[in-house]
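K.L.:
Protein chains in written order, with this note's numbering: chain A, -1 to 103; chain B, 531 to 867.
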Amino acid sequence: MTDFGFKLSKSATLDLDKADTGLYERLCSLEPDARICMNCGSCSATCTAAPFSGMSLRKVILGLQRGQDVRPMLQGCMLCGKCSMVCPRGINTRHLILTLCRIYD
Amino acid sequence: MKENVVVIGGGVAGMEAARELLLLGYNPIVVEQQDHLGGHVAQWNRLFPDISSAGDLVRTLGDGITDANIFLETKVTFVNRLQNGYLVMLSNGVNIACRAILVATGFKLFDASRKEEYGYGVYDHVVTNADLESWFNGNDSDRFPAAPKSIGFVHCVGSRDLKAGNSQCSKVCCITAVKQAIEMKERFPDARVFCFYMDLRLFGKKYEDFYIRAQQEFGIQFIRGRVSEVGETLEGRLQVKAEDTLSGKPLKVQLDLLVLMAGMSCNPEVAELARMARLDMDSDGFLRSRDNLGGINESNRPGIFYAGACTGAKTVPETLAEARSAALAIHRYMQGR
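(1) Quick check on the DSSP output: what are the complete alpha helix (DSSP H) runs of length 4 or more inside the stretch 647 to 731 of chain B, in order along the chain?
(2) Beta-carbon within less than 6 Å of Thr97(A)'s beta-carbon, same chain only, minus the 5 sequence neighbours each way: which residues are those?
(3) Thinking C-alpha only, which one of Ile59(A), Asp15(A), Phe2(A) and Gly3(A) is nearest His22(A)?
(4) Which residues of the stretch 45 to 78 of chain A have a Cβ closer than 8 Å to any Cβ of chain B? Give them in chain order.
(5) Buried or exposed, going by whether 16 or more other CB atoms sit within 10 Å of the CB of Asn622(B)?
(6) Hey, is Pro86(A)'s beta-carbon within less than 7 Å of any beta-carbon in chain B?
(7) Taking CB distances under 7 Å as the criterion, tell me whether Arg644(B) reaches chain A.
(8) Of the residues that make up the stretch 14 to 43 of chain A, which ones have a beta carbon closer than 7 Å to any beta carbon in chain B?
(9) So with CB distances below 7 Å, who are the chain A contacts of Ala711(B)?
(10) Please decide whether Lys701(B) counts as near chain A, where near means a Cβ-Cβ distance under 7 Å.
(11) Between Asn667(B) and Lys701(B), what straight-line distance do the alpha-carbon atoms span, to the nearest angstrom?
(12) Applying the 10 Å Cβ sphere with the 16-neighbour rule, what's the burial state of Glu765(B)?
(13) Take Gln710(B) and list the residues in its own chain whose beta-carbon comes closer than 7 Å to its own, dropping the five residues that flank it on each side.
(14) Counting only C-beta atoms, is Ser758(B) closer than 7 Å to chain A at any point?
(15) For Glu716(B), count the other beta carbons within 10 Å of its own beta carbon; 16 or more makes it buried, fewer makes it exposed. Which is it?
(16) Taking only beta-carbon positions, decide if Met728(B) is within less than 7 Å of chain A.
(17) Quick check: the Cα distance between Gly649(B) and Leu787(B), rounded to an integer number of angstroms?
(18) Can you find a CB in chain A that lies within less than 7 Å of the CB of Glu647(B)?
(19) Let me know the secondary structure DSSP gives Arg87(A) once reduced to three states.
(20) Using a Cβ-Cβ cutoff of less than 7 Å, which residues in the same chain neighbour Ile34(A) once the five nearest sequence positions on both sides are dropped?
(21) Cβ closer than 8 Å: which chain A residues qualify as neighbours of Arg690(B)?
(22) Return the residues of the stretch 762 to 782 of chain B that lie within a Cβ-Cβ distance of less than 9 Å from chain A, sorted by chain order.
(23) Which of the three DSSP states, helix, strand or coil, is assigned to Gln751(B)?
(24) From the beta carbon of Gly755(B), is the nearest beta carbon of chain A less than 7 Å away?
(25) Return yes when the Cβ of Val84(A) is within less than 7 Å of the Cβ of Ser777(B), no when it is not.
(26) Are Lys679(B) and Ala721(B) touching if we call contact CB-CB under 7 Å?
(27) What does a CB cutoff of less than 6 Å around Gly568(B) pick up in its chain, not counting 5 residues either side in sequence?
(28) Looking at Cys78(A) and Thr44(A), is the spacing between their C-beta atoms short of 7 Å?
(29) Taking all protein chains shown into account, decide if Glu546(B) is buried (16 or more other Cβ within 10 angstroms of its Cβ) or exposed.
(30) Look at the Cβ atom of Cys840(B), then the Cβ atom of Val633(B), and state whether they are nearer than 7 Å.
(31) Under 8 Å: do the stretch 576 to 585 of chain B and the stretch 532 to 540 of chain B share three or more Cβ pairs, one atom per stretch?
(32) If you follow the alpha helix (DSSP H) that Glu550(B) is part of, which residue opens it and which one closes it?
(33) Which residue wins for smallest C-alpha separation from Val687(B), given the options Gly824(B), Thr763(B), Val656(B) and Ala630(B)?
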């Protein structure tokens, strides 16, 4: 085929019909509190790793809900647990991250 | 002989209900534990949506009840069930027999020092919405810097907060924050003003207009993220951290004043009254109405009625409307209808 120098870009649309949320559902079955996150961002605001590694637990949970691969972000977590102190919904965030790591393993 | 109705609580709900009960031909007896009428509204400076004077409202309501019996600095010590009504005993030694009681015990302002990460009571320049209104009322304090360059407002302090035991939205704080942000910008036009919010709930009449004005005319910046911690710099400025959830990045900013929008929580003293009169409490600690659609003024006990924020967070106009409707519900009850 002749190369005209054009290519099709992959659409950045989040296609909820095709998103695989199996991982999120598994997380929720082990950590039911994952469902009550309201995306306020307290965890990522207080995260010691966030400014340097791009880690954001809020984005991790949101990413799982959208069927995205959140492993690269998760690797930035140092498990300090500071996020669990500020969550207004009382989610045991550190435990949730550990559970998610176990699912990925 | 006019029939007694005991009104527990002399805030705006109790005052408006007492006024209506007087007009309907009853003898309302207002029991207020503070040394003044008007409750929280009496401490406020100006009220949304018309930026009208809170003091004027309390004075107008007070003018309507000059013929009522009002006991200040008085508490209800006991409520006894009689065959056809109640015997209410007061801390001043007065006992009142009545067929109907109106509970208008209102709410308690959330104690902002419970959210330790915000530093209320630790850092001088962290204040609450109530402190700010008091300062607007001319109560000067060195906690308010003379010429702040940047000011922040934190929405949902002790509201929508399961950890603090308050899962409910306090309803009035979003619009109060927008109102207070505009008022601060009017005083300090050169200051940068930030509102940190999780969701903006501007549901009422003219609220959205306030939001647009805050953006358009006053350049107030709205940041979608809950403040997670407050610290102090060596220079004594406040260092505030939040996530800007819309850009998905951690955010920090230095402020000269941070205002915490303390929410409405249940009045803990009402639990004792509920126990004595065998009233149902809701899971949020507020009193439970017989029915949240058609029976909001009614309790689970005959002759005991509710008005205002004792059943949940309310705005002032909602409270006043409920007070008038409670007075009518009492009137119907007295007439046996």
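Just so you know, even glycine gets a beta-carbon here, dropped at the ideal spot from N, CA and C.
P.N.:
This is what the structure gives:
(1) 659 to 666 and 703 to 717
(2) The residues are Leu28 and Glu29.
(3) Checking the sequence, you will find Tyr at residue 22(A) rather than His. Taking only the C-alpha atoms, the option nearest Tyr22(A) is Ile59(A).
(4) Cys45, Ala48, Pro49, Ser54, Arg56 and Lys57
(5) exposed
(6) yes
(7) no
(8) Met36, Asn37, Cys38, Gly39, Ser40, Ser42 and Ala43
(9) The premise fails here: Ala711(B) is roughly 20 Å from chain A at the closest Cβ pair, so nothing lies under 7 Å.
(10) no
(11) 23 Å
(12) exposed
(13) Asn659, Leu662, Phe683 and Val789
(14) yes
(15) exposed
(16) yes
(17) Computed Cα separation, rounded: 12 Å.
(18) yes
(19) coil
(20) Arg87 and Ile89
(21) Residues of chain A passing the Cβ test: Met36 and Pro86.
(22) Lys771, Ala772, Glu773, Asp774, Thr775, Gly778, Lys779, Pro780, Leu781 and Lys782
(23) strand
(24) yes
(25) no
(26) yes
(27) Val588
(28) no
(29) Around the beta-carbon of Glu546(B), 16 or more other beta-carbon atoms lie within 10 Å, marking it buried.
(30) It is a contact, given that the beta carbons lie within the stated cut-off.
(31) no
(32) Val542 to Leu553
(33) Val656(B)
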